[in-house]
Amino acid sequence: MIRLLTLFLAGVLALAAAEPPIFYLLWFDTEDYVEPASDDAALRLAAGLTSRGLRATFKIVGEKARVLEQRGRTDVLRALAAHDIGYHSEYHSLHPTPAEYLNGMGLLDGAAEFARREGRGFGDVERLFGVTPSCYGQPGNSWGPQANVMLRRWGVKVYMDDGGQVGFDQQPFWYGGLLYVFNLGPNTMRASLNDPADLPVARAKFDAAVASLRQRGGGVIQTYYHPTEWAATEFWDGVNFRHGANPERQDWKRPNLRTPESREQAYRLFFEFVDHVRATPGLKIVTARELPQYFEPRDKAAPAAVARRLATSIDAHEGFSPADLLLSLLGLPPRHVDGPLRRMASDVAEKEIPRAAFDRAKRDAAEFVTREQRLPDAVHVGARRLSLPDFAATLAGDEGGSTVAVRRGVLEIEKRIGTNAAKQYNWVIHPQGFAPEELLELARLQAWTLKPARLR
Ligand SMILES: [Zn+2]
Numbered sequence: 000m001i002r003l004l005t006l007f008l009a010g011v012l013a014l015a016a017a018e019p020p021i022f023y024l025l026w027f028d029t030e031d032y033v034e035p036a037s038d039d040a041a042l043r044l045a046a047g048l049t050s051r052g053l054r055a056t057f058k059i060v061g062e063k064a065r066v067l068e069q070r071g072r073t074d075v076l077r078a079l080a081a082h083d084i085g086y087h088s089e090y091h092s093l094h095p096t097p098a099e100y101l102n103g104m105g106l107l108d109g110a111a112e113f114a115r116r117e118g119r120g121f122g123d124v125e126r127l128f129g130v131t132p133s134c135y136g137q138p139g140n141s142w143g144p145q146a147n148v149m150l151r152r153w154g155v156k157v158y159m160d161d162g163g164q165v166g167f168d169q170q171p172f173w174y175g176g177l178l179y180v181f182n183l184g185p186n187t188m189r190a191s192l193n194d195p196a197d198l199p200v201a202r203a204k205f206d207a208a209v210a211s212l213r214q215r216g217g218g219v220i221q222t223y224y225h226p227t228e229w230a231a232t233e234f235w236d237g238v239n240f241r242h243g244a245n246p247e248r249q250d251w252k253r254p255n256l257r258t259p260e261s262r263e264q265a266y267r268l269f270f271e272f273v274d275h276v277r278a279t280p281g282l283k284i285v286t287a288r289e290l291p292q293y294f295e296p297r298d299k300a301a302p303a304a305v306a307r308r309l310a311t312s313i314d315a316h317e318g319f320s321p322a323d324l325l326l327s328l329l330g331l332p333p334r335h336v337d338g339p340l341r342r343m344a345s346d347v348a349e350k351e352i353p354r355a356a357f358d359r360a361k362r363d364a365a366e367f368v369t370r371e372q373r374l375p376d377a378v379h380v381g382a383r384r385l386s387l388p389d390f391a392a393t394l395a396g397d398e399g400g401s402t403v404a405v406r407r408g409v410l411e412i413e414k415r416i417g418t419n420a421a422k423q424y425n426w427v428i429h430p431q432g433f434a435p436e437e438l439l440e441l442a443r444l445q446a447w448t449l450k451p452a453r454l455r
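Numbering-wise (numbering that gives the first Met the number 0), the sequence shown opens with residue 0 and increments by one.
The following block contains the structure:
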């Protein structure tokens with residue numbers, strides 16, 4: 000009997016183990032430095048989750064961290080420190096916001112400007128919480144690819160937010176060397192904090208997302224809120240910094256507050272939703288800091304047969320980014336390198352390049368990548384040049400003869416980058432009509448680094 004029971008239990012465990020894994024991220028953009036009641040909301044959320052044995056990720060704005068210190072709210076700092084800590088920019092909605100100052104800048108000068116404007120708050124969050132923030136996410140949809148360069152240098156491994164500028168099949172992906180949790184479509188969800196009738200709807204949507212991801216072999220679901228949503232009925236920044244407004248500090252207005260009844264209902268709805276999530280069999284609630292360990296490593300060597308697919312399609316193939324595939328063709332070890340700085344056209348007139356000249360160009364490209372840790376904008380063949388995509392396609396199609404046939408690269412990967420900057424950046428804080436097309440162009444150039452993140 001006991002043996003039968005053991006066999007039965009082993010069978011049940013095997014079935015459970017075979018179920019595709021679902022990872023759930025719960026995070027809070029902790030940003031309101033205008034309304035002190037939002038401090039109490041952060042405290043109550045952090046403590047309520049801790050009492051349930053759950054760890055969320057609180058992405059903290061630099062000025063918010065300093066304001067908590069100035070107000071003597073060590074109770075809030077301590078409660079938050081029981082969770083994972085991320086970073087959410089220096090001032091969030093003061094102008095210029097990140098997209099406002101990054102638009103028109105290149106990858107490297109933009110990264111330096113991001114460091115100049117956002118570095119102090121990053122250091123303050125690190126000092127007050129005693130940890131390097133695990134992740135970053137932009138304020139609103141004020142996103143720019145230059146941030147990736149500096150975040151990597153600061154030791155941040157995860158970009159966790161939502162937006163339409165870049166994505167990969169509504170699941171996490173690698174981009175700019177970071178693990179991105181972004182653009183998850185229906186896998187980003189939340190329950191209404193105002194409407195009790197929405198709670199069963201939100202539960203059903205969550206269950207449907209779990210079922211759908213299980214069919215795909217597992218995946219990631221995220222939910223995010225802002226502690227200020229439990230304190231106020233409107234956003235602290237919308238009432239002050241809307242459409243480019245930049246009032247002085249003494250003129251900042253406080254948002255309208257919830258009534259006590261509405262506040263209590265908001266907590267009840269939230270914790271009932273969370274209790275539904277955590278009751279899901281086989282679901283693991285993780286923080287941004289824990290997330291990378293559940294994915295295959297970012298850098299692995301691409302087989303030559305896969306790399307040769309760049310000849311007809313510059314895209315992510317078999318889980319490798321175009322940059323991974325190009326490094327493999329150049330005989331370089333796998334590692335992250337950034338995409339090119341600018342778009343250049345080919346001006347090679349010939350249809351064939353002599354072997355010796357092409358091999359010299361290839362060695363030159365490999366040396367550039369090793370030295371600069373990024374892909375070149377173009378590769379010279381004597382006085383003429385091949386654009387990066389044309390060089391990659393030509394190299395991938397090289398059959399080893401006495402001449403190499405010039406091929407034109409087809410940049411399929413760029414279809415993963417959002418279009419229509421006015422739509423992608425339509426945050427209420429940005430000036431009306433704000434359309435930073437140059438940020439999307441830089442995002443397309445960095446799409447060489449884009450690939451899906453695969454669960455282990
Ligand atoms: Zn925010």
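Glycine included, every Cβ here is placed at the ideal spot set by N, Cα and C.
Using a threshold of 7 angstroms, is the CB atom of residue i nearer than that to any non-hydrogen atom of ligand 1?
{"i": "Pro302", "result": "no"}
{"i": "Val139", "result": "Residue identity differs from the one stated: residue 139 is Gly in this sequence, not Val. Yes."}
{"i": "Arg429", "result": "As written in the sequence, residue 429 is His, which differs from the Arg given in the question. His429: no, Cβ never under 7 angstroms from ligand 1."}
{"i": "His87", "result": "yes"}
{"i": "Glu30", "result": "yes"}
{"i": "His94", "result": "no"}
{"i": "His379", "result": "no"}
{"i": "His275", "result": "no"}
{"i": "His242", "result": "no"}
{"i": "His335", "result": "no"}
{"i": "His485", "result": "Given a span of 0 to 455 for the chain in the structure shown, any question on residue 485 remains unanswerable."}
{"i": "Ser91", "result": "The identity of residue 91 in the sequence shown is His, whereas the question assumes Ser. Yes."}
Distance check for residue j and residue i, CA to CA, integer angstroms please.
{"i": "Gln431", "j": "Val238", "result": "15 angstroms"}
{"i": "Cys134", "j": "Arg248", "result": "28 angstroms"}
{"i": "Gly52", "j": "Ala395", "result": "52 angstroms"}
{"i": "Gln170", "j": "Ala207", "result": "15 angstroms"}
{"i": "Asp274", "j": "Gly318", "result": "35 angstroms"}
{"i": "Gly459", "j": "Gly176", "result": "With the chain covering 0 to 455 only, the question about residue 459 has no answer from this structure."}
{"i": "Asp197", "j": "Thr29", "result": "24 angstroms"}
{"i": "Arg152", "j": "Arg119", "result": "15 angstroms"}
{"i": "Glu295", "j": "Tyr223", "result": "25 angstroms"}
{"i": "Phe433", "j": "Asn425", "result": "7 angstroms"}
{"i": "Gly338", "j": "Arg43", "result": "43 angstroms"}
{"i": "Ala55", "j": "Asp39", "result": "17 angstroms"}
{"i": "Phe108", "j": "Val200", "result": "The identity of residue 108 in the sequence shown is Asp, whereas the question assumes Phe. Between Asp108 and Val200, the C-alpha separation is close to 46 angstroms."}
{"i": "Lys422", "j": "Ser312", "result": "28 angstroms"}
{"i": "Gly330", "j": "Tyr158", "result": "30 angstroms"}
{"i": "Gly139", "j": "Asp389", "result": "37 angstroms"}
{"i": "Phe181", "j": "Asp160", "result": "5 angstroms"}
{"i": "Met0", "j": "Val209", "result": "Any reading at Met0 is ruled out, since the residue's pLDDT is 47, under 50, leaving its predicted position unreliable."}
{"i": "Arg262", "j": "Thr227", "result": "11 angstroms"}
{"i": "Gly243", "j": "Tyr179", "result": "28 angstroms"}
{"i": "Thr96", "j": "Gly61", "result": "14 angstroms"}
{"i": "Arg72", "j": "Arg373", "result": "44 angstroms"}
{"i": "Pro451", "j": "Glu260", "result": "44 angstroms"}
{"i": "Gly399", "j": "Phe357", "result": "11 angstroms"}
{"i": "Val305", "j": "Ser141", "result": "36 angstroms"}
{"i": "Thr232", "j": "Lys283", "result": "32 angstroms"}
{"i": "Phe172", "j": "Leu454", "result": "10 angstroms"}
Checking contacts by CB at 8 angstroms: is residue i closer than that to chain C?
{"i": "Ala64", "result": "Given the protein chain composition of this structure (a single chain), no chain C is represented."}
**Touching by the beta-carbon criterion (3+ pairs, under 8 angstroms), the stretch 19-29 and the stretch 205-223** = yes
**Message:** Tell me whether the stretch 439-448 and the stretch 164-184 touch, counting them as touching only if at least three CB pairs, one residue from each stretch, are closer than 8 angstroms.
**Reply:** Taking one beta carbon from each stretch, the stretch 439-448 and the stretch 164-184 have 3 or more pairs nearer than 8 angstroms; the two touch.
**Prompt:** Are at least three pairs of beta-carbons, each pair with one atom in the stretch 404-411 and one in the stretch 333-342, less than 8 angstroms apart?
**Reply:** no
Report task. Tell me, please, whether the stretch 265-283 touches the stretch 43-56 by the rule of three or more beta-carbon pairs shorter than 8 angstroms. Result -> yes
Beta strand (DSSP E) segments (min. 3 residues) lying fully within the stretch 12-46: 21-29
- request: At 4 residues or longer, and completely inside the stretch 382-449: list those alpha helix (DSSP H) runs for me, N to C.
  value: Contiguous alpha helix (DSSP H) elements confined to the stretch 382-449 occur at 387-395, 420-423, 436-444, taking only those with 4 or more residues.
(message) Extract the residue ranges of the beta strand (DSSP E) inside the stretch 51-122, only unbroken runs of 3 or more that lie entirely within it.
(response) 56-59, 83-86
Notebook entry, point to check: Are the stretch 347-366 and the stretch 378-388 touching, with three or more C-beta to C-beta distances below 8 angstroms?
Noted result: yes
Should the stretch 133-147 be called in touch with the stretch 96-111, which here means at least 3 C-beta pairs below 8 angstroms? yes
ask   = For the 8 angstroms Cβ check, are there 3 or more pairs between the stretch 59-75 and the stretch 281-295?
value = no
Hey, is the stretch 32-46 in contact with the stretch 243-257, meaning 3+ C-beta pairs nearer than 8 angstroms? yes
May I have a chain-ordered list of the beta strand (DSSP E) segments no shorter than 3 residues that lie completely inside the stretch 224-299?
282-285
Uninterrupted beta strand (DSSP E) stretches inside the stretch 163-191 (no shorter than 3 residues)
Entirely contained in the stretch 163-191, the beta strand (DSSP E) runs reaching 3 residues are, in chain order, 172-174, 177-180.
- Message: Can you confirm whether the stretch 119-129 touches the stretch 83-94 when touching is taken to mean that 3 or more C-beta pairs between the two stretches lie within less than 8 angstroms?
- Response: yes
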